[in-house]
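Working notes for the structure below.
Protein chains in written order, with the numbering used here: chain S, 1 to 317; chain W, 1 to 317.
See below:
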C-alpha cells in the first residue's frame, strides 16, 4: 500500500522551498523559488503559488493528506497569518487560507521556522527519541523550538521556543525587538562579528568580516576573536539553562551557520553551561550540533503536518 | 454516590501540612505538624508519619484513591526522592516509597512545591480555565510552575517552572545556586530588603527590616524603598517575558509574601513587562495576584494526584 504524503513549504527571506515528504521523512519531490522579499505581497505570494503548482503537477500529489508550512516569524497559527520581519510585503498575510485554496482544502498547519527545524531534528535528527529537547538555529538571528513530553510544543500561536529574544542581560544593549540583552543581541553571527570588530579584530586580506571569519581567527588563536565567541557561548548557555530550569530539557541541539564554527563555539558553551546550569535537574544537559542541514525546514514542516493530523484522532482530556 | 478523595501532603521547611481533599478541591480534613528541620531524617519522617496517621484515622480515609505530595525542592519525581534545601536531614530521601508504605500502596505522586501551587491556582484560583499559565511564589525564595496546553507541566523530575533560578543578568551577583543574576537573587524578599538597606533605607523604630517593611516605606513614598521594588519587578518581568517567549503563556499569577506588597510590586512589574515582553505573541500577558493563599500547597498536591490518576487512563500517542 502506498502511504500518505505531506506537502511541506518552508518560507524564508531568501527562498521559498517546497517538497512532498513521505511518512519516513524522505523528500520525494522538491521545488524552490527565490523569495522576492523586497516586492509587494502579491508578488511574494506568486512565488509561493509557483512552488505549490510545481508540486501539484506531480502524480504523487494525489497522495498528499496534509500541508505543513514553516515560516519566518512572527507567525500567528491561531489566525493562520504570517508577518515575516524580512518580507515587509506580508503583514498579517493569511497564508493558511491562501495555501488552503491552492491545495484543495487539505488541512494546512502553520508553525514558525524555529518550531519546524525542531520538528525535523526530533523526527530525523539529533533530538530523535528525546522526550524533552530544545533545538536552536544560531545564524543571522537566533531561533528555536521545543519538544516536551515527546511532542512538538509550538504553542498556541506557533512561536514557542523563541530563545533568541529572552533577555539574559536585563541592563544590556538594546535589541531591535525592543527589549535589552536578548540572547540574539549577544550570540547571533552579526553580533559576534560586530563585537570582534569593536574590540580591534581586523579581517584578513579578503575583507571577510563575517562570524565565520571570526571563527577562523579564533581557531588560529586570536584572543579577541575567541573572546567574542566565548561571550556568545555565555549568552547561549544562560538561555539554555533558563529553558532547562523552566521546562526540563535533556538535550540542546544547535544548528545554523554559527554552529558551523564547531568547537570554537561548543567548547566554551559547554564550559559556560557548567556556570549557569547548576540545579540538580538541569546539570546534565547534553549540547550537540544539529544534523538536518538545509532540508530541516521542509522536513520539519512535514513533521508538523503529520503530528497535527495524528492529534485530530487523539481524544483530549 | 460518594466520590473519591485525594490525600495531600505539603512538605515545607516550617511545617508539614496534610489534608483529605475532594474532587472539587474542598478540604474535608486537615492535619499539621511543625517540621523538625534541624533534626535527623528519621525525626523529620516521624512528623510526616504523624500527619499521615492523623488523616488515616478518619472514616473518610477509605475513599482515598491517590496520594499527592508537594515538597520543597529540589525533588526527583523520577526516583521518588526529595532533597529540600531547608531540611538537611533529607538528601535523596525516598519519600514516595515511605509514604506508599504508610498509605496502603495507593498511587503516590510527587511534585515540587512550585508545581503544586500552580496546580492549585489552575484548579481553583487565578489561573482557572487558562490553557497556558505561569504561577509563581515570590517570598523567601522565588518558585513557580507551568500549565501548558491546559495541563500541569511538572517535567520529568517534577521541578519544571523553576523561574527563580533563571539568570536575567549573566554578569550579575553570584546566587547561592552557583549561577549569577538569577531572578531570585534580585527579586526575593530578603534581596529586596538587602538592596534597600545597602542603598541607605533604614527600618522604623520597630526595627522591622523585612521586605514587608520596605513595601510600607515604598507606599509612603521612600525613593530607595521604591527603587528596590522596581528592580525586583524588572527581574520578574524579564523572567516572565522569557517564559512567555519560550512556551507562550497568557497569564502570570504571582503569590507569596512579596506579592502581598500589592501595587508597590505589581505597578512597576506591569511597566517593566512592556519593556521586556515586546514580541507580538507575548505582548498581552496578564499579571494577576494569586488567589489560593496558604492552602495552595495541599490543594495543589491533591490536584497533581488527580491529574496523574486521569493520565493513567488516557492513551498516549
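Glycine is no exception: its CB is placed at the ideal position from the N, C-alpha and C atoms.
Since the structure is predicted, the reported quantities are computational estimates derived from the model, not experimental observations.
How about residue 154/W and residue 238/W: are their beta carbons less than 8 Å apart? Here residue 154/W is taken as the residue at index 154 of the second chain, counted from 1. Here residue 238/W is taken as the residue at index 238 of the second chain, counted from 1. No. Outside cutoff.
Taking Cβ positions only, does residue 39/W come closer than 8 Å to chain S? Looking up residue 39/W in the second chain gives position 39. It does not: the Cβ of residue 39/W has no partner Cβ on chain S nearer than 8 Å.
Could you check what DSSP says for residue 274/S in three-state terms: helix, strand or coil? Reading the first chain from its first residue, position 274 is the one you call residue 274/S. Correct three-state label for residue 274/S: helix.
Can you give me the C-alpha to C-alpha distance between residue 313/S and residue 106/S, rounded to a whole angstrom? For the purposes of this step, residue 313/S is identified with residue 313 of the first chain, where counting begins at 1. For the purposes of this step, residue 106/S is identified with residue 106 of the first chain, where counting begins at 1. Because residue 313/S carries a pLDDT of 42, less than 50, the predicted location of this residue cannot be relied on, and the following value inherits that uncertainty. Straight-line Cα distance between these residues: approximately 16 Å.
Return the CA-CA distance between residue 71/W and residue 58/W, expressed in angstroms with no decimal places. Position 71 of the second chain holds residue 71/W. Position 58 of the second chain holds residue 58/W. Their Cα atoms are separated by approximately 24 Å.
Does residue 312/S come within less than 8 Å of chain W when only Cβ atoms are used? Stepping through the first chain from its first residue, residue 312/S is reached at position 312. Note that residue 312/S scores 48 on pLDDT, short of 50, meaning its location in the model is unreliable; the coordinates nonetheless yield the value given after this. So, not an interface residue.
Does DSSP classify residue 106/S as helix, strand or coil? Position 106 of the first chain, counted from the start, is the residue given in the question as residue 106/S. Residue state, collapsed to three classes: coil.
With 16 other CB atoms within 10 Å as the buried threshold, where does residue 173/W fall? Locating residue 173/W in the second chain gives position 173, where the first residue counts as 1. By the neighbour-count rule (16 or more Cβ atoms within 10 Å), residue 173/W is not buried but exposed.
Per DSSP, what kind of secondary structure is residue 317/S in: helix, strand or coil? Taking the first chain and counting its residues from 1, one reaches residue 317/S at position 317. No answer about residue 317/S holds up, because its pLDDT of 31 lies below 50 and its placement is not dependable.
What's the C-alpha gap between residue 188/W and residue 233/W? Locating residue 188/W in the second chain gives position 188, where the first residue counts as 1. Locating residue 233/W in the second chain gives position 233, where the first residue counts as 1. Residue 188/W and residue 233/W: Cα-Cα distance of roughly 10 Å.
Look up residue 219/W in the DSSP assignment and say whether it is helix, strand or coil. As a first step, residue 219/W is located in the second chain; it is residue number 219 there, counting from the start. Of the three classes helix, strand and coil, the one that applies to residue 219/W here is helix, per DSSP.
Let me check understanding here. Comparing Cα to Cα, which of 184/S, 167/S, 201/S and 212/S lies closest to residue 137/S? Here residue 137/S refers to the residue found at position 137 when the first chain is read from its first residue. It is 184/S whose Cα lies nearest to the Cα of residue 137/S.
Quick check: residue 319/S and residue 64/S, are their CB atoms within less than 8 Å of each other? Only positions 1 to 317 of chain S appear in this structure, which leaves residue 319/S out of reach.
Which chain S residues sit within Cβ distance under 7 Å of residue 84/W? As a position in the second chain, residue 84/W is number 84, starting the count at 1. Here the premise fails: no neighbours, minimum Cβ distance about 12 Å.
Using a cut-off of 7 Å between C-beta atoms, extract the partners of residue 147/W located in chain S. Counting from one through the second chain, the residue named residue 147/W turns up at place 147. Those within 7 Å of residue 147/W in chain S number zero; the least Cβ separation is about 12 Å.
Who are the neighbours of residue 159/S on chain W, taking C-beta pairs under 9 Å? Residue mapping note: residue 159/S aligns to position 159 of the first chain, counting from 1. Per Cβ cutoff of 9 Å: 245, 248, 279, 280, 281 and 282.
Note down, in chain order, each residue of its chain lying with its Cβ closer than 7 Å to the Cβ of residue 279/W, except the 5 sequence neighbours on either side. Residue mapping note: residue 279/W aligns to position 279 of the second chain, counting from 1. Excluding positions up to five away in sequence, the list reads 245.
What residues match up with residue 182/S in a beta bridge as DSSP calls it? On the first chain, residue 182/S is found 182 positions in, with the first residue counted as 1. Answer is 167/S.
Can you list the beta strand (DSSP E) stretches of 3 or more residues lying completely in the segment 277 to 306 of chain W, in chain order? 286 to 289
Distance, residue 69/S Cα to residue 203/W Cα: Walking along the second chain from the start, residue 203/W turns up at place 203. Walking along the first chain from the start, residue 69/S turns up at place 69. C-alpha separation (whole angstroms): 59 Å.
List the DSSP bridge partners of residue 71/S. For this step, residue 71/S is matched to residue 71 along the first chain. Paired residues: 11/S and 112/S.
Strand pairing of residue 32/W, partner residues [DSSP]: Translated into positions along the second chain, residue 32/W becomes position 32. According to DSSP, residue 32/W bridges with 17/W.
Mind listing the chain W neighbours of residue 132/S? Cutoff is C-beta to C-beta under 8 Å, in chain order. As a working note, residue 132/S is residue 132 in the first chain. 155 and 156, listed in chain order.
Leaving aside the five residues before and after residue 226/S along the sequence, list all residues of the same chain whose C-beta is less than 7 Å from its C-beta, in chain order. Reading the first chain from its first residue, position 226 is the one you call residue 226/S. Cβ neighbours of residue 226/S beyond the five flanking positions: 218.
Just to confirm my understanding: we take residue 272/W, look at its own chain, exclude 5 residues before and 5 after, and list those with CB closer than 8 Å. What are they? As a first step, residue 272/W must be located in the second chain, where it is residue number 272. These residues qualify, in order along the chain: 230, 233, 234, 236, 237 and 238.
Could you spell out the range, first to last residue, of the beta strand (DSSP E) harbouring residue 145/W? Translated into positions along the second chain, residue 145/W becomes position 145. That run of the beta strand (DSSP E) goes 142 to 148.
Taking the alpha helix (DSSP H) that residue 46/W falls in, what are its first and last residues? Taking the first residue of the second chain as position 1, residue 46/W is located at position 46. Note, residue 46/W: alpha helix (DSSP H), 41 to 56.
Are residue 161/S and residue 114/S close, meaning C-beta to C-beta below 8 Å? Position 161 of the first chain holds residue 161/S. Position 114 of the first chain holds residue 114/S. Yes, these two residues count as a Cβ contact at 8 Å.
When 301/S, 240/S, 304/S and 261/S are compared against residue 284/S, the one with the closest alpha-carbon: In the first chain, counting from the first residue as 1, residue 284/S sits at position 284. Taking only the C-alpha atoms, the option nearest residue 284/S is 240/S.
If we cut at 8 Å on Cβ distances, does residue 308/W have a partner in chain S? Mapped onto the second chain, residue 308/W falls at position 308. It does not: the Cβ of residue 308/W has no partner Cβ on chain S nearer than 8 Å.
If we ignore side chains and look at the alpha-carbon of each, how far apart do residue 45/W and residue 267/W end up? Taking the second chain and counting its residues from 1, one reaches residue 45/W at position 45. Taking the second chain and counting its residues from 1, one reaches residue 267/W at position 267. Their backbone Cα atoms lie some 43 Å apart in a straight line.
Along chain S, in chain order, which residues have C-beta atoms closer than 7 Å to that of residue 162/W? Translated into the one-based positions of the second chain, residue 162/W becomes position 162. Simply 245, 246 and 279.
Please state whether DSSP places residue 118/W in a helix, a strand or coil. For the purposes of this step, residue 118/W is taken as the residue at position 118 of the second chain. Residue 118/W: helix per DSSP, three-state reduction.
Proximity test, Cβ basis, 8 Å: residue 167/S and chain W: Along the first chain, one-based indexing puts residue 167/S at 167. Chain W contact via Cβ: present.
Does residue 294/S pass the burial test, meaning 16 or more other C-beta atoms within 10 Å, or should it be called exposed? Locating residue 294/S in the first chain gives position 294, where the first residue counts as 1. Answer is exposed; the Cβ neighbour count stays below 16.
Is any beta-carbon of chain S found at less than 8 Å from that of residue 170/W? Residue 170/W sits at position 170 when you count from the first residue of the second chain. Yes - at least one Cβ of chain S is within 8 Å of the one on residue 170/W.
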